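Numbering (this note's numbering), first residue to last: 218 to 331.
Laid out in structure tokens, this is it:
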């Protein structure tokens, strides 16, 4: 129950942060900090979803998280001070997949030691 609650709170926090005004005066280029923020947010979200819904398959989890990332980008399209970005969505996906690759490698390593 705690894992599910933490997942939903984190997802809500990511959404809120994605729609508040961005007061930083960053150039309109592919910012490294933006990449790291997207990567980390969705890697953490993947870990929380994986922990909260153990019986759900990995492809379903990936689709849910990519759908959530797409939802955020679509919402941002309609906000004057935000924009839709396929690059952001791609980095979200990289973060999600990175989590599952690392988790799979850890699982394989631990099962071979047993």
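All residues carry an ideal CB built from backbone N, CA and C; glycine is no exception. Treat the numbers as computed from the prediction; the structure is a model and nothing was measured.
In this structure residue 263 does not touch residue 219 by the C-beta definition: roughly 17 Å separates them, more than the 8 Å allowed.
Put simply, the backbone Cα of residue 281 is about 22 Å away from that of residue 324.
Contact between the region 270 to 290 and the region 300 to 310 is present, with at least three C-beta pairs closer than 8 Å. Unbroken alpha helix (DSSP H) stretches of 4 residues or longer found wholly inside the region 231 to 316: 249 to 269, 275 to 294, given in chain order. Counting of Cβ neighbours within 10 angstroms places residue 223 among the exposed residues, the total staying below 16.
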